[in-house]
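Protein sequences, first through last, are from chains A and B.
At position 21 of the first sequence the residue is numbered 807 (my numbering), and the sequence of numbers has no breaks.
At position 145 of the second sequence the residue is numbered 127 (my numbering), and the sequence of numbers has no breaks.
By construction, the Cβ of each residue, glycine as well, lies at the ideal position given by its N, Cα and C atoms.
Everything numeric in this text was worked out from a predicted model, so none of it was measured.
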Amino acid sequence: MTEEALSTSDSPRDDGVLLSVRELTTVIDTPRGTVVPVDGVSFDVRRGETLGIVGESGSGKSMTALSLMRLVRAPARVASGQVLLNGVDLVQLSEAQMRRVRGSGIGLILQDPMTTLNPVITVGGQMIETLRTHGTATRQAQRSRAVKLLEQVRIPAPADRLKAYQHQLSGGMRQRVAGALALACEPSVLIADEPTTALDATTQIQYLDMLRQLQRESQLAVVFITHDFGIVANMCDRVAVMYAGRLVEVGDVQAIFEKPAHPYTRALLSSVPSIDENPERLPSIPGQPPALHELPVGCSFAPRCPLAMDKCRESPPPTVQVAEGHRAECWLAS
Amino acid sequence: MNAETPLLELREVRRHFRVAGRSLAHREVRAVKAVDGVSLRIEHGESLGLVGESGCGKSTIAKLVLGLDTPTEGTVLFKGRDIHRLSGSERRDFRRSVAAVFQDPWGSLNPWLRIGQIIAEPIKINEDVSERERNRRVEELLEDVGLRRDMARRFPHELSGGQRQRVSIARALALRPQLIVLDEPVSALDVSIRAQVMNLLRDLQERHGLSYLLIAHHLATVKFLCKSLAVVYLGRVVETGNSAEILAQPGHPYMRALITASLPARPGVRLQAAGVEGEPPSPLSPPSGCHYRTRCPYVMDRCADEVPPFHGTDRSVRCVLHEPAPGQPEGPIRPLPAPGAAHVGGALQ
């Protein structure tokens, strides 16, 4: 399928698409050859929409996030493709231009707030630094904006919290501060890479709830990276399933859960235990994800796929348009 | 040994850690009550899941059961004997009967040893058997956990996370234990690998008549492996009973919140208010009375005054909502109303 066909069927350009990723490919040069952790990834995210990228560790989720922000470092590099933010291709920008996009164009929340927050600068200090860098002029404006942001992420007594260091905050509060920093310069796109993995269940649900409300209010486009299908089901409008560097299936959340077209998506979904069921055994996927430097010739999932045929092992599968806005890379998808 | 003696029993176990006060004005010594009066039992061949959030005392309980830590008060009984008052031979027997599998399959295997040596180590230390016999046992154990025999020659770094966790399990099985303490055994594993290891744990349980004390925050994992569960909040058990019953109809408001927060993998069941506010209070200064009252949507005035006793005949719930009407005997636990619905006079009657 051609690029044009993909972009039109994925979502029409005039449909409020903020972030459009086209055939993005990131490679890492290693002594054992070049590996491709992000392999021809394409997706669109509209204003006010949440796209979930779900996959196992090593599937390329985080590498995709870093590639979007152009934060990959040697020996990794973005090799080809486009990242169109409001029609501007970020891949072509100079580093100075890209610095302006980070924060004010795209905000980023990472898994571990301890690495986001500077341990020797107060919360307020760090927020003011960010606001100053991106052009909020007066000290007073910076301070009141910082308080407002902390309020937005529902931190109690925000004015007092400005004086706190990260070690004085709980995990949930730290991640809220990280969220406030990511939103400080009013980006139109937010990338959240496993933001709640380090949080407890009751803290996680409060955080997700906060994030969803914020998104509704400001019509953010969100790319939510996770391995948790519970979060995907509850947070995302659209889902992209990643396996060995490729988006093997993309579709609306309902379609992905109810009519998964790719055997990997189906297998993953059925292996998630639920508290409402009483199975004797859990359906499981045999084997393990392939290492990037020894990917099979054809479909990467073929060695673990119960439906694999000879041609799956010989050549890469085609991208099949299953329905409007639903595609899968599998010979058997229909 | 009496047939009714449980395999493991905790009686009013407390473990308090002393923390020096920071302020000069009052140099009082405060205590973190990591485990505060916990009573639990595991029958032979049965399994118990411990559920709760980080910092609630789950892992301290695991350490106490393994004999790696000593309770401040109360006793831990294994087959009816206090594990801290064992004679030399009894202690050896206890060490062989109880094993552990930890969360991190990277941190719990010595990178310098081959897989075969790792699994053989407990046998080497505890049993006087020939090297040939030991190697035979290692091969048997590898097969038992679904690994090929030639894995014995590999090093941990050559294995995937799932395979490493299988090695940890094989090592735990080496001395044919009766109880295995599993501390978050699958949470570090990928989704597609997790189901494999959970199936393995369940097979082993049946094949060897094992008991598990499973520590997990993932409720479906607990339900899959354990018939009963205990919910811990700030060092206290707040609900205990049959896993399926509790998950279908929680009795304690905290358990209800945990279930709501567990996010089913089904779209359409959109995020709903978890019925829980704020974050767990500091274990240094837990609220008076019921520890959960500061976050509980059902809170009443009296919750601050008294530590609620356990109620219920079919299971035990530490909440005044389940208090029987005056003069009435304890009955089965009733379903909780939606938070905010009127619960006249407090109790569910």
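Best match in the options for proximity to residue i [C-alpha to C-alpha]
i                       : options                     : result
residue 51 of chain B   : B:60, B:65, B:61            : B:65
residue 19 of chain B   : B:43, B:26, B:200           : B:43
residue 191 of chain B  : B:218, B:21, B:155          : B:155
residue 980 of chain A  : A:1110, A:895, A:818        : A:895
residue 151 of chain B  : B:101, B:133, B:130         : B:101
residue 914 of chain A  : A:905, A:1096, A:935        : A:935
residue 1080 of chain A : A:1031, A:853, A:855, A:888 : A:1031
residue 28 of chain B   : B:-1, B:-11, B:46           : B:-11
residue 297 of chain B  : B:232, B:247, B:267         : B:232
residue 1052 of chain A : A:1091, A:881, A:821        : A:1091
residue 46 of chain B   : B:267, B:26, B:17           : B:17
residue 31 of chain B   : B:71, B:196, B:79, B:13     : B:196
residue 873 of chain A  : A:922, A:843, A:891, A:937  : A:891
residue -14 of chain B  : B:56, B:54, B:60            : B:60
residue 1068 of chain A : B:121, B:280, B:142, B:175  : B:175
residue 855 of chain A  : A:1039, A:876, A:861        : A:876
residue 316 of chain B  : B:295, B:105, B:138, B:308  : B:295
residue 21 of chain B   : B:36, B:126, B:80, B:55     : B:55
residue 1117 of chain A : A:1047, A:826, A:1065       : A:1047
residue 39 of chain B   : B:198, B:258, B:238, B:74   : B:198
Proximal residues to residue i (C-beta, below 6 Å), its chain only, five neighbours per side dropped
i                       : result
residue 834 of chain A  : 1005
residue 851 of chain A  : 977, 979, 1011
residue 965 of chain A  : 895, 939
residue 1085 of chain A : 1098, 1103
residue 314 of chain B  : 295, 296
Contact with chain A by residue i, beta-carbon distance below 9 Å
i                      : result
residue 205 of chain B : yes
residue -2 of chain B  : no
residue 326 of chain B : Unreliable placement is indicated for residue 326 of chain B, whose pLDDT of 45 sits below 50; no coordinate value is reported for it.
residue 262 of chain B : yes
residue 178 of chain B : yes
residue 331 of chain B : With a pLDDT of only 49 at residue 331 of chain B, under the threshold of 50, the placement of this residue in the model should not be trusted; the figure read from the coordinates follows. Closer than 9 Å: no.
residue 36 of chain B  : yes
residue 1 of chain B   : no
residue 226 of chain B : yes
residue 77 of chain B  : no
residue 318 of chain B : no
residue 229 of chain B : yes
residue 116 of chain B : no
residue 218 of chain B : no
residue 12 of chain B  : no
Proximity test, Cβ basis, 9 Å: residue i and chain B
i                       : result
residue 801 of chain A  : no
residue 1067 of chain A : yes
residue 956 of chain A  : yes
residue 1062 of chain A : yes
residue 872 of chain A  : no
residue 1048 of chain A : no
residue 904 of chain A  : no
residue 959 of chain A  : yes
Chain B contact residues for residue i, given Cβ-Cβ distances below 7 Å
i                       : result
residue 1040 of chain A : 249
residue 1034 of chain A : Under the 7 Å cutoff, chain B gives no residues; its nearest Cβ is about 13 Å from residue 1034 of chain A.
residue 1074 of chain A : 142, 144, 175
Same chain only: Cβ atoms within 8 Å of residue i, ignoring 5 sequence neighbours per side
i                      : result
residue 841 of chain A : 847, 1013, 1027, 1028, 1029
residue 82 of chain B  : 44, 48, 154, 162, 163, 164, 165
residue 182 of chain B : 127, 128, 148, 151
Sequence-distant residues of its chain with Cβ nearer than 7 Å to residue i (five each side left out)
i                      : result
residue 236 of chain B : 213, 215, 220, 274
residue 853 of chain A : 810, 812, 824, 864
residue 897 of chain A : 979, 980, 981, 983, 984
residue 194 of chain B : 29, 162, 164, 187, 207, 208
residue 96 of chain B  : 134, 135, 136, 137
residue 931 of chain A : 917, 922
Interface residues of chain A facing residue i [CB-CB closer than 8 Å]
i                      : result
residue 333 of chain B : With chain B represented from -17 up to 331, any question about residue 333 of chain B goes unanswered, as that position is not in the structure.
residue 181 of chain B : 1067, 1068, 1070
Under 9 Å from the C-beta of residue i: neighbouring residues of chain B
i                       : result
residue 1016 of chain A : 244, 245, 246, 247, 248
residue 1054 of chain A : 173, 174
Proximal residues of chain A, C-beta to C-beta of residue i below 9 Å
i                      : result
residue 240 of chain B : 987, 988
8 Å Cβ cut-off: residues of chain B touching residue i
i                       : result
residue 1043 of chain A : 247, 248, 249
residue 1089 of chain A : Result: empty, since nearest Cβ-Cβ is about 13 Å, beyond 8 Å.
Proximal residues of chain A, C-beta to C-beta of residue i below 7 Å
i                      : result
residue 340 of chain B : Summary: the structure shown does not reach residue 340 of chain B, with chain B confined to residues -17 through 331, and so no result is reported for it.
residue 202 of chain B : 1059, 1060, 1061
**Request:** Would you list, in chain order, the members of the region 836 to 868 of chain A that have their beta-carbon closer than 8 Å to a beta-carbon of chain B?
**Result:** For the region 836 to 868 of chain A, which is checked against every Cβ of chain B, the residues closer than 8 Å are 842, 843.
**Request:** Using a Cβ-Cβ cut-off of less than 8 Å, list which residues of the region 973 to 990 of chain A approach chain B; keep chain order.
**Result:** Taking 8 Å as the Cβ-Cβ cut-off against chain B, the residues of the region 973 to 990 of chain A that qualify are 986, 987, 988, 989, 990.
**Request:** Would you list, in chain order, the members of the region 131 to 165 of chain B that have their beta-carbon closer than 7 Å to a beta-carbon of chain A?
**Result:** Here the close residues are 142, 144.
**Request:** Closer than 7 Å, Cβ to Cβ, to anything on chain D: give me those residues from the region 880 to 895 of chain A, in chain order.
**Result:** The structure shown contains no chain D; its protein chains are A and B.
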